[in-house]
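Novice:
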Amino acid sequence: MTEDLQFLEANKYLIRYYYIYKYKSFHKASKEFYVASSDRNMKYAVQQLEKYYNVQLIKIKGNMFEFTEFGHILGEQVKKIYDININIYTMLNKLDLKEINFATSPDFYKYYIKPVFDAFIKENPEIKVNILKTNQMDSTGRLIKREIDFIVGSLPLNQNPDLIYQEIAESRIFLAYLKENRQKFNKIDSLNDIKELKGAMCDHTHIFYHNVKEIEKENNIKLNIVHNISDFESLIDAVRSRNVDYSIVGNYEFLDEDVNFYDITGFFKPHKICYIYRKNEALTKSIEKLIIIAEKLKIKPV
Numbered sequence: 000m001t002e003d004l005q006f007l008e009a010n011k012y013l014i015r016y017y018y019i020y021k022y023k024s025f026h027k028a029s030k031e032f033y034v035a036s037s038d039r040n041m042k043y044a045v046q047q048l049e050k051y052y053n054v055q056l057i058k059i060k061g062n063m064f065e066f067t068e069f070g071h072i073l074g075e076q077v078k079k080i081y082d083i084n085i086n087i088y089t090m091l092n093k094l095d096l097k098e099i100n101f102a103t104s105p106d107f108y109k110y111y112i113k114p115v116f117d118a119f120i121k122e123n124p125e126i127k128v129n130i131l132k133t134n135q136m137d138s139t140g141r142l143i144k145r146e147i148d149f150i151v152g153s154l155p156l157n158q159n160p161d162l163i164y165q166e167i168a169e170s171r172i173f174l175a176y177l178k179e180n181r182q183k184f185n186k187i188d189s190l191n192d193i194k195e196l197k198g199a200m201c202d203h204t205h206i207f208y209h210n211v212k213e214i215e216k217e218n219n220i221k222l223n224i225v226h227n228i229s230d231f232e233s234l235i236d237a238v239r240s241r242n243v244d245y246s247i248v249g250n251y252e253f254l255d256e257d258v259n260f261y262d263i264t265g266f267f268k269p270h271k272i273c274y275i276y277r278k279n280e281a282l283t284k285s286i287e288k289l290i291i292i293a294e295k296l297k298i299k300p301v
């Protein structure tokens, strides 16, 4: 059995072959290799691989060479080996608190959690922090595929059983409208009072969109939403430009002398902000630290 597995010794040469196949040159491969190397070392790696696999990989003609059919096949496969090694190293960095990858929406980052990450980076300047600003539908898919470590997002009505949702705070919801139109909004006791007016709100990639749809269904009403917009400031611009009578928005810190904000939180199911990470995994040190910082700063919607 040991003899049958001798080909496993090829692994130390496969990474060199990855560089050879990528750069199509022994000299360029040795120059780009992660440690000091030589053309001779690169050629030797190919010779050893041909010996282990008993198949020709490269046909050399003077200073030029070309890959055989299996040489091309192996070239495609060694990229996977290279990527696996990079991923292993990245995972070790995450566990050692050297690297952190998270996703959140542009609005959440700007208005809610930037102070937390500013404090985190200040306390841990040696850590590499990668921030992906995208919608929660996209970030959830990335989290499940292990492309990111966690999300700062909203608690969905239908939670993914493979994920943990750790609450940070409960958000409030506001109706934004022009002060000059205050007479239209003097008395608002339910969504029925605004259903005839033209409105704007977030699009389907946002968790709150589904909250609204659920309430419409439960109360058998249909809001006259004429614009679905992905970011807070664009929702305010829709009101300011008179494209709509109102926008339904989160309670971000935003002052505008022309716009009023009316609290309609009670019209909807609770909208909670949370850390989202994979179930059945130990909390990384980075998430533990972020939770501590968030609690220390008492992060809450404005």
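Per numbering that gives the first Met the number 0, residue 0 is the first one in the sequence shown, and the count goes up by one each step.
Ideal Cβ positions, reconstructed from N, Cα and C, are used throughout, including at glycine.
Considering only their Cβ atoms, is the gap separating Y12 from Y51 smaller than 9 Å?
Specialist: yes
Novice: Please go through the same chain and pick out, in chain order, the residues whose beta-carbon is closer than 7 Å to the beta-carbon of Y164, but skip the five residues on each side of it.
Specialist: L154, Q158, C273, I275
Novice: Span of the beta strand (DSSP E) holding N373?
Specialist: Here the chain has residues from 0 to 301 only, and residue 373 is not among them.
Novice: Taking DSSP's pairing of strands, which residues face E169 in a bridge?
Specialist: K271
Novice: Going by Cα to Cα distance, which pick from I120, N223, S24, Y261 is closest to M63?
Specialist: Looking at the Cα atoms, S24 is the closest of the given residues.
Novice: For I286, which of F149, S229, P160 has the nearest alpha-carbon?
Specialist: F149
Novice: Could you tell me the distance, in whole angstroms, from the CA atom of I292 to the CA atom of L142?
Specialist: 22 Å
Novice: Once you ignore the five residues that flank T204 on each side, which residues in its own chain have a CB closer than 8 Å to its CB?
Specialist: N134, Q135, M136, D137, S229
Novice: Rounded to whole angstroms, what's the CA-CA distance from I130 to E252? Just pull it up for me.
Specialist: 22 Å
Novice: Output needed for Q47: all residues of its chain with C-beta closer than 6 Å, excluding positions within five of it in sequence on either side, in chain order.
Specialist: Y12.
Novice: How would you write the range of the alpha helix (DSSP H) that D38 sits in, first residue to last?
Specialist: 38 to 52
Novice: Could you check what DSSP says for I263 in three-state terms: helix, strand or coil?
Specialist: coil
Novice: Run through DSSP, which three-state label would K121 get?
Specialist: Reduced to three states, the DSSP call for K121 is helix.
Novice: Pair every Cβ in the segment 187 to 198 with every Cβ in the segment 240 to 256, then say whether three or more of these pairs are closer than 8 Å.
Specialist: Yes, since at least three Cβ pairs between the segment 187 to 198 and the segment 240 to 256 fall closer than 8 Å, the two stretches touch.
Novice: Is the separation between the beta-carbon of N259 and that of R181 shorter than 9 Å?
Specialist: yes
Novice: CA-CA distance, L254 and K113?
Specialist: Taking the straight line from one Cα to the other gives about 19 Å.
Novice: In the DSSP assignment, find the unbroken alpha helix (DSSP H) run with I59 in it and report its ends.
Specialist: From DSSP, I59 is part of no alpha helix (DSSP H) but of the beta strand (DSSP E) over 57 to 60.
Novice: According to DSSP, simplified to helix, strand and coil, what is S246?
Specialist: strand
Novice: Have a look at P269 and R171 and give me their C-alpha separation to the nearest angstrom.
Specialist: 8 Å
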